[in-house]
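J.: Structure below; questions to follow.
Residue numbers (the working numbering): 4 to 105.
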């Protein structure tokens, strides 16, 4: 099912999976009354240039799953480079960016 803010919600035997993670996407699941996915697939292209938005805003879905639903979200990516970039983003969003030491 296409979600209003973007992304696709897919019911699977392991639970719901969401392909594409645009900003504020959790609000779509909540408004539609459907279970929040525990698996998010980040597309190879992380940014939609036509709409001017990211398709990999995984912070809030990951934190909501972890802190509210008490489970870990799984994020599926195509490359190790993308995984590294998203790990850095998550670390900086939770702990702030590292400052160089003098």
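Beta carbons: idealized from backbone N, C-alpha and C, even for Gly.
Three-state secondary structure (DSSP) at residue 45?
T.: For the purposes of this step, residue 45 is identified with residue 42 of the chain shown, where counting begins at 1. Note: residue 45 maps to coil in three-state DSSP.
J.: Using DSSP with H/G/I as helix, E/B as strand and the rest coil, what is residue 59?
T.: Here residue 59 corresponds to residue number 56 of the chain shown, with the count starting at 1. Strand.
J.: Residues in the same chain with beta-carbon distance under 7 angstroms from residue 59, minus the five sequence neighbours each way, listed in chain order, please.
T.: Counted from its first residue, the chain shown places residue 59 at position 56. Excluding residues within five positions, the ones whose Cβ falls inside 7 angstroms are 24, 45, 49, 89.
J.: For a test of the three-state rule: what should DSSP assign to residue 71, helix, strand or coil?
T.: Taking the first residue of the chain shown as position 1, residue 71 is located at position 68. Helix.
J.: Kindly indicate which residue of 73, 63, 67, 94 has the alpha-carbon position closest to the one of residue 26.
T.: Counting from 1 along the chain shown, the entry for residue 26 is found at position 23. Checking every option, the nearest Cα to that of residue 26 belongs to 63.
J.: Assign residue 69 to buried or exposed, taking buried as 16 or more other Cβ atoms, counted over all protein chains shown, within 10 Å of its Cβ.
T.: Reading the chain shown from its first residue, position 66 is the one you call residue 69. The residue in question, residue 69, is exposed, as its Cβ has fewer than 16 Cβ neighbours within 10 Å.
J.: Taking all protein chains shown into account, do 16 or more other C-beta atoms lie within 10 angstroms of the C-beta of residue 61, making it buried, or fewer, making it exposed?
T.: Working through the chain shown from its first residue, we reach residue 61 at position 58. Residue 61 comes out buried.
J.: Roughly how many angstroms lie between the CA atoms of residue 6 and residue 82, to the nearest whole one?
T.: Position 3 of the chain shown holds residue 6. Position 79 of the chain shown holds residue 82. Answer to the nearest angstrom: the Cα atoms are 25 angstroms apart.
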